[in-house]
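Residue numbers (this note's numbering), protein chains in the order written: chain B, 66 to 911; chain R, 20 to 150.
Heads up, the thing below is written out as structure tokens.
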Amino acid sequence: MIGIVGHALLSLAFLAAILTTWFWYLVAKDTSSSAESTAPNLSPGRVETIAAVLFAAKGLLTLAASVLLLYLIFSHQFQYYYVYNYTSTDLQNIYLWAAFYSGQEGSLLLWILSSFLVGLAILRWTSPVYRAPVMFFMALTQVFLLSMVSGFPIPWYGNLGASPFRTLASTMPDALIFQTRPDFVPSEGSGLNDLLRSPWIIIHPPVIFLGFAMMTVPWAFALASLWKRTYHDWIHAALPWTLGANLCLLTAIFLGGYWAYVTLSFGGYWAWDPVENASLVPWIFGMAGIHAMLIQKKHARAHKASIIFAILAYVSIVYQTFLTRSGVLGDASVHSFVDLGLYNLLLFFIAVVSVVGFGLLFYRYRELPEADEESPVISREFMMFAGVMVLFLTGLVIIIGTSSPIIGRLFVPHPTPPDQQFYNNWTLPFAVFIAVLTVITQYLWWKRLDSEALASALIRPALIASVVTIIALVWADIRNLAYMIYLFAAIFAVAGNGSILLGMLRSNPKRTGGSLTHVGLAVLMIGFLGAAYDRPMVDARTQDYNRAVKARQVMDSDGFPVEQPIEFVELEKGIPKLIDGRYMVTFVDAEITEQNRPGEQEYEIRFEDVNSGRVFTMRPTVYPMLSNSSPGAVEWTVDTAVRTGWFSDIFMYVAGSSLVDREIERMNREQPSSIRSIDQLGPQMTGEDGSVTVRLGRGGVARVGDYTLTFRNFVYVDPSEMPDNSIIGVKADLLLVHRESADTVSVQPRYILTYDREGQYVYNPPEKIALTDGEVRFLNVHPEADEIELLIRGLEGEPEREWILMSAEHKPLISVVWLGTFLLMFGFSISIFYRWADQKKRERNE
Amino acid sequence: MRPRVLFGIAGIILFTSVVMLHFSKSISSYVDFEQAAATPGDQVHVIGTWDSSQPALFSTETMTFSFYMTDESGNTRRVTYPRPKPNNFEQADQIVVIGQMRGDTFISRDMLVKCPSKYNDSSHPELSQLQ
């Protein structure tokens with residue numbers, strides 16, 4: 066019932082979006098392009114009221130639908146697909162809120178709601194000249210977004226998009242359970258992905274969608290200016306919005322990167338994953354747009370660039386949304402989104418957004434203002450424009466890389482994503498150009514210098530940068546030429562922009578946003594360099610081994626050189642090991658704490674710095690991902706521990722342990738399953754003499770002492786091998802693998818039924834196991850369960866050791882990355898305030 | 020057209036060609052094990068599934084994880100991976116290994132484990148078991 070209401074609300078919201086778009090079109094059509102003639106004129110005024118009311122209705126209907134969805138989530142109504150799929154009864158309230166936007170449908174709703182807020186702000190604050198056309202374009206995007214969640218019934222087509230109010234039964238009509246019991250309601254949902262249960266990733270989506278919504282504004286303003294032929298003034302109103310959008314995207318990128326760093330075990334904040342690039346490219350194009358608008362504002366040129374980048378920034382958001390949500394990237398990204406049937410809608414969305422944008426641009430291209438004379442090379446507008454072009458090229462390269470599943474087909478049949486080196490190699494020189502250009506432009510911007518004066522003004526930052534760079538090169542032992550140039554450029558940018566910033570702090574603190582962001586960017590660049598010097602922290606023996614691997618002196622069992630270094634160490638409980646030549650590391654204890662999740666284990670690992678004597682403890686955790694697992698095949702995942710330092714972090718996690726192995730055994734004993742897993746163990750009993758009784762089904766696996774035992778199949782015994790008077794004989798084909806050395810032995814104990822005068826008896830002598838002192842006896846066959854019983858002696862091995870595999874990494878300059886990000890955010894915020902106040906002042910004066 | 024515009028267009032075409040050239044060298048094609056054996060380089064991508072009928076083990080002696088994988092053409096080969104068993108290995112509905120073929124063994128330097136994630140909800144083992 067609630068589902069039907071929700072469905073209806075979204076369908077109505079969709080209709081309201083279409084209507085409000087139409088009414089805003091009517092209003093905008095009659096809006097004159099000059100500011101003077103906006104005197105109240107009754108009839109258009111009434112149309113505008115209708116348009117605004119419809120817009121509000123669209124927003125409120127979506128809001129009501131969202132509240133309903135939240136209600137379904139909080140009341141655990143698992144008959145709804147969305148509720149079943151993303152929540153479970155054990156979720157804390159905060160994660161139930163987050164579950165609202167865990168799926169595609171909910172996250173689209175969030176995007177629509179953010180756009181509604183932005184739309185209200187536009188209604189409230191935008192001058193009447195632009196209000197109607199801007200609202201028209203804003204509303205147009207809403208039609209598309211709503212079409213994807215409305216489930217609006219279209220005759221002869223079916224439902225439009227994917228509604229969050231679909232029932233489970235309608236999603237899986239073929240499931241057996243719904244054919245026998247159509248009103249079946251699962252008692253428990255499948256839960257929220259454990260990796261997403263982190264405060265960082267919970268606030269990430271609202272921020273990113275607010276950024277997406279705000280980035281619609283410059284696009285809408287640019288198109289409004291083209292439509293209404295007001296090419297000059299739109300940038301003043303659009304600038305704060307673009308800055309705001311960029312601040313949101315930056316914050317969201319930071320949150321996502323920080324989450325990846327502290328939660329995932331790949332050990333970084335950035336991996337050039339398509340989903341990450343999806344928010345980076347709009348940010349870069351947004352930056353280009355901001356700078357183009359600033360040129361236009363100061364110099365009355367670059368009108369075309371402002372419009373082009375305002376369009377591009379939004380088109381890139383929609384394009385990347387298409388890439389990540391349509392299923393195109395299925396193989397390329399670890400975030401595998403499935404195609405919800407939105408492919409065509411998304412394709413249509415990009416087509417409209419770009420065709421309308423670029424179509425209008427070409428239509429008006431000839432009448433766009435053009436500068437009369439070309440700028441000299443040494444001028445702030447030329448330098449700034451050069452920076453804009455570099456930003457554009459950077460974005461272009463990243464788009465090409467991200468589009469590999471599409472563009473790559475030009476070259477190979479089934480393209481893989483490009484190497485990360487592709488992105489690194491291109492962005493590094495671009496970053497160098499940008500860093501240098503920021504300094505030159507800032508000096509020209511604030512000081513109005515000619516080329517000679519500029520050269521002498523730049524001597525000081527260049528000198529500072531040279532000295533600092535040389536010290537850094539020697540201290541950090543940097544030998545790569547590209548890194549040297551990159552580091553110099555970054556430090557030069559810190560010094561140059563920093564000195565401008567210091568001067569401004571005294572004279573004009575409200576306008577420090579620009580120089581502060583440039584300092585932040587340069588600091589960020591320095592931080593990025595740290596990633597090239599990540600180092601696994603291992604003991605001296607492993608270091609020697611890795612050096613030998615590098616020299617290709619280590620051979621594997623097939624006689625080929627080993628190429629992979631070992632990047633983790635095994636620690637035995639209580640026995641310290643010297644790691645990285647500096648830390649005495651001891652695995653102190655492991656216990657099952659269940660602190661945040663059922664089955665969570667915490668490890669206590671003590672580090673003692675042998676240089677300073679300082680002692681600290683790191684507590685990584687490991688937990689079973691119950692929400693992602695089916696009974697019997699439990700996935701385990703790690704939660705990393707990070708020790709943050711000023712210059713470098715220690716990043717570590719437990720990659721495996723005796724405790725995890727024991728827990729896996731226990732879980733499988735308690736919950737045997739038909740799904741076979743390498744950790745699936747058959748029931749076994751240990752006798753007093755150390756012998757082990759194992760009961761196994763065909764294909765079953767058991768752990769015996771240091772060996773893993775697999776019962777592969779039955780083999781019938783040839784009658785010629787059987788004793789006289791035998792009825793039937795089978796052998797069990799067993800495979801034993803030594804877990805440490807991976808040595809493999811196979812053995813086939815016999816089970817032969819014979820008889821003599823006194824009756825039947827079983828002939829099943831113990832069979833020696835080659836290479837070991839052990840023997841195995843085929844005790845019994847249980848035909849009803851298709852299982853066999855084995856008695857194994859002599860494989861007991863050592864008593865269980867307590868051990869962990871620790872993977873630790875030394876990561877330089879991570880804190881510097883965060884510092885640079887914070888400076889950028891702070892700089893953006895200052896600029897937003899300044900530009901907003903500036904625009905208000907301008908409007909009052911008009 | 021002014022010469023500056025022409026230069027700009029020529030520059031963009033040149034730039035795009037260079038990027039595309041580099042791009043085409045940075046990507047490769049997903050192949051099967053047979054093709055992998057014939058492909059030079061150590062960045063060969065093979066897609067497949069874990070062959071669960073054969074043992075998959077982490078050896079603490081060689082510090083490698085080894086298992087058997089069946090590619091999309093049905094060839095099964097041993098694969099070694101120089102790190103512990105990745106999270107989600109058993110759940111993976113698809114595994115991508117990146118590395119090179121050496122004799123009958125695929126030496127992977129990297130492995131992507133594709134899981135039926137929360138975004139990708141085609142499989143519902145819990146529901147299909149309910150009667």
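Backbone N, C-alpha and C define an ideal beta-carbon position, used for all residues, glycine too.
(request) Report the three-state DSSP secondary structure of B/Lys362 (helix, strand or coil). (result) Here residue 362 of chain B corresponds to residue number 297 of the first sequence, with the count starting at 1. If DSSP states are grouped into helix, strand and coil, B/Lys362 belongs with the helices.
(message) Nearest by alpha-carbon distance to B/Val132: which of B/Gln144, B/Glu113 and B/Ala164 is it?
(response) In the first sequence, counting from the first residue as 1, residue 132 of chain B sits at position 67. Nearest C-alpha to B/Val132: B/Ala164.
(message) Just to confirm the assignment, what range does the alpha helix (DSSP H) spanning B/Trp306 have?
(response) As a position in the first sequence, residue 306 of chain B is number 241, starting the count at 1. Annotation for B/Trp306: the continuous alpha helix (DSSP H) segment containing it runs Trp299 to Thr328.
(message) Just to confirm the assignment, what range does the beta strand (DSSP E) spanning B/Leu801 have?
(response) Here the question's residue 801 of chain B lines up with position 736 in the first sequence. In this chain, the beta strand (DSSP E) harbouring B/Leu801 covers Ser791 to His803.
(message) Counting C-beta neighbours from all protein chains within 10 Å, is the total for B/Trp540 16 or more, i.e. buried, or is it exposed?
(response) Here residue 540 of chain B corresponds to residue number 475 of the first sequence, with the count starting at 1. In summary, B/Trp540 is exposed, with fewer than 16 beta-carbon neighbours lying within 10 Å of its beta-carbon over all protein chains present.
(message) If I follow the unbroken alpha helix (DSSP H) through B/Val272, where does it start and stop?
(response) Locating residue 272 of chain B in the first sequence gives position 207, counting from the first residue. Judged by DSSP secondary structure, B/Val272 falls within the alpha helix (DSSP H) whose first and last residues are Pro264 to Lys293.
(request) Could you please give the first and the last residue of the uninterrupted beta strand (DSSP E) stretch that includes R/Phe84? (result) Numbered from 1 along the second sequence, position 65 holds the residue referred to as residue 84 of chain R. In the DSSP assignment, R/Phe84 falls within the unbroken beta strand (DSSP E) covering Thr83 to Asp90.
(message) Using only the alpha-carbon positions, how far apart do R/Ile46 and B/Leu433 sit?
(response) By 1-based counting over the second sequence, the position of residue 46 of chain R is 27. By 1-based counting over the first sequence, the position of residue 433 of chain B is 368. Their Cα atoms are separated by approximately 41 Å.
(message) Helix, strand or coil, according to DSSP, for B/Tyr296 in the structure here?
(response) Your numbering for residue 296 of chain B matches position 231 in the first sequence. In this structure, B/Tyr296 counts as coil in the three-state DSSP scheme.
(request) Report the partner residues of B/Gln169 according to the DSSP bridge assignment. (result) Here residue 169 of chain B refers to the residue found at position 104 when the first sequence is read from its first residue. Its beta-bridge partners do not exist; DSSP assigns none.
(request) With a cut-off of 8 Å on the beta carbons, I'd call B/Phe712 and B/Pro877 a contact; round off their distance for me. (result) The residue given as residue 712 of chain B occupies position 647 in the first sequence. The residue given as residue 877 of chain B occupies position 812 in the first sequence. The Cβ separation is near 6 Å, so the contact holds.
(message) Against chain A, does R/Val50 count as a neighbour if the rule is that its beta carbon must be under 9 Å from one of theirs?
(response) Protein chains in the displayed structure are B and R, and chain A is not among them.
(message) Once DSSP output is grouped into helix, strand and coil, what is the label at B/Ile869?
(response) Stepping through the first sequence from its first residue, residue 869 of chain B is reached at position 804. If DSSP states are grouped into helix, strand and coil, B/Ile869 belongs with the strands.
(request) Thinking B/Pro229 and B/Leu174 are a contact (beta carbons under 8 Å), I'd like their distance in whole angstroms, please. (result) Here residue 229 of chain B is taken as the residue at index 164 of the first sequence, counted from 1. Here residue 174 of chain B is taken as the residue at index 109 of the first sequence, counted from 1. With a Cβ gap of about 7 Å, B/Pro229 and B/Leu174 count as contacting.
(message) Using only the alpha-carbon positions, how far apart do B/Ile857 and B/Val759 sit?
(response) Locating residue 857 of chain B in the first sequence gives position 792, where the first residue counts as 1. Locating residue 759 of chain B in the first sequence gives position 694, where the first residue counts as 1. Taking the straight line joining both Cα atoms gives about 8 Å.
(message) For B/Pro689, list the residues DSSP reports as bridge partners.
(response) Position 624 of the first sequence, counting from 1, holds the residue named residue 689 of chain B. DSSP, once it has assigned bridges, lists B/Trp701 as partnering B/Pro689.
(message) Check for me: the beta strand (DSSP E) holding B/Tyr772 runs from which residue to which?
(response) Residue mapping note: residue 772 of chain B aligns to position 707 of the first sequence, counting from 1. Taken as a continuous stretch (DSSP letters only), the beta strand (DSSP E) holding B/Tyr772 covers Tyr772 to Tyr781.
(message) Just verifying my parser: in three-state terms, what is the DSSP assignment at B/Asn224?
(response) Within the first sequence, numbered from 1, the residue matching residue 224 of chain B stands at position 159. In this structure, DSSP gives B/Asn224 an extended state, which the three-state scheme calls strand.
(request) Excluding the 5 residues preceding and the 5 following B/Gly592 in the sequence, name in chain order all residues of the same chain whose CB lies nearer than 6 Å to its CB. (result) Your numbering for residue 592 of chain B matches position 527 in the first sequence. So the qualifying residues of the chain are Leu878, Val881, Val882 and Gly885.
(request) Give a yes or no on whether the minimum CB-CB distance between B/Thr773 and chain R is below 9 Å. (result) Counting from one through the first sequence, the residue named residue 773 of chain B turns up at place 708. Yes, B/Thr773 counts as interfacial toward chain R.
(message) At the 9 Å Cβ level, is R/Met39 part of the contact set with chain B, yes or no?
(response) Residue numbering aside, residue 39 of chain R sits at position 20 when the second sequence is read from its first letter. True, the Cβ-Cβ gap to chain B drops below 9 Å.
(message) Within a Cβ cutoff of 7 Å, which residues of the same chain sit near B/Asp921, ignoring the five residues on either side of it in sequence?
(response) Only positions 66 to 911 of chain B appear in the structure, and residue 921 of chain B is not among them; the question remains open.
(request) Identify each residue in the stretch 68-79 of chain R for which the Cβ-Cβ distance to at least one residue of chain B is less than 8 Å, and report them in chain order. (result) So the list reads Ser71, Ser72, Pro74, Ala75, Leu76, Phe77, Ser78 and Thr79, given in the order they occur along the chain.
(message) Could you tell me the alpha carbon to alpha carbon distance between B/Leu84 and B/Tyr408, rounded to whole angstroms?
(response) For the purposes of this step, residue 84 of chain B is taken as residue 19 along the first sequence, with counting starting at 1. For the purposes of this step, residue 408 of chain B is taken as residue 343 along the first sequence, with counting starting at 1. Using only the alpha carbons, I get a separation of about 25 Å.
(message) Please report the distance separating the alpha-carbon of R/Tyr87 from that of R/Lys104.
(response) Within the second sequence, numbered from 1, the residue matching residue 87 of chain R stands at position 68. Within the second sequence, numbered from 1, the residue matching residue 104 of chain R stands at position 85. Rounded to the nearest angstrom, the gap between the Cα atoms of R/Tyr87 and R/Lys104 is 13 Å.
(message) Here's the rule: buried if 16 or more other CB atoms are within 10 angstroms of the residue's CB, otherwise exposed. What is B/Arg544?
(response) Mapped onto the first sequence, residue 544 of chain B falls at position 479. With fewer than 16 Cβ atoms within 10 Å of its Cβ, B/Arg544 is classed as exposed.
(message) Taking contact to mean 3 or more Cβ pairs, one atom from each stretch, closer than 8 Å, check whether the stretch 620-632 of chain B and the stretch 651-667 of chain B are in contact.
(response) Because the criterion of three Cβ pairs below 8 Å is not met, the stretch 620-632 of chain B and the stretch 651-667 of chain B do not touch.
(message) Please confirm whether B/Gln629 has its beta-carbon closer than 9 Å to some beta-carbon of chain R.
(response) Working through the first sequence from its first residue, we reach residue 629 of chain B at position 564. Yes, its Cβ sits closer than 9 Å to a Cβ of chain R.
(message) Going by DSSP, what residue range makes up the beta strand (DSSP E) through B/Ala31?
(response) There is simply no residue 31 of chain B to check, as chain B begins at 66 and stops at 911 in what is shown.
(request) With 9 Å as the threshold, decide whether the Cβ of B/Leu461 is near any Cβ in chain R. (result) The residue you call residue 461 of chain B lines up with position 396 of the first sequence. At least one beta carbon of chain R lies nearer than 9 Å to the beta carbon of B/Leu461.
(message) Buried or exposed, going by whether 16 or more other CB atoms sit within 10 Å of the CB of B/Trp89?
(response) Walking along the first sequence from the start, residue 89 of chain B turns up at place 24. Buried is the label assigned to B/Trp89, since at least 16 other Cβ atoms lie within 10 Å of its Cβ.
(request) Look up B/Pro441 in the DSSP assignment and say whether it is helix, strand or coil. (result) If you number the first sequence from 1, residue 441 of chain B lands on position 376. Per DSSP, reduced to three states, the secondary structure at B/Pro441 is coil, with no helix or strand assignment.
(request) Could you pull out every residue in the same chain whose Cβ sits closer than 8 Å to the Cβ of B/Leu74, ignoring the five residues on either side in sequence? (result) Within the first sequence, the letter at position 9 stands for residue 74 of chain B. Scanning its chain for C-beta atoms nearer than 8 Å, with the 5 sequence neighbours on each side dropped, one finds around B/Leu74 the residues Leu126, Thr127, Ala129, Ala130 and Leu133, in chain order.
(message) I believe B/Glu805 touches B/Asp771 by the beta-carbon criterion, under 8 Å. Please report the beta-carbon distance rounded to the nearest angstrom.
(response) Reading the first sequence from its first residue, position 740 is the one you call residue 805 of chain B. Reading the first sequence from its first residue, position 706 is the one you call residue 771 of chain B. Yes, they are in contact, since the Cβ atoms of B/Glu805 and B/Asp771 sit about 7 Å apart, within 8 Å.
(request) Indicate whether at least one CB of chain R lies closer than 9 Å to the CB of B/Val680. (result) On the first sequence, position 615 is the one that residue 680 of chain B refers to. Under the 9 Å criterion on CB atoms, B/Val680 is classed as non-interfacial with respect to chain R.
(request) Grab me the residues of B/Val418's own chain with a C-beta within less than 6 Å of its C-beta, minus the 5 sequence neighbours each way, in chain order. (result) Looking up residue 418 of chain B in the first sequence gives position 353. Excluding positions up to five away in sequence, the list reads Val380 and Val383.
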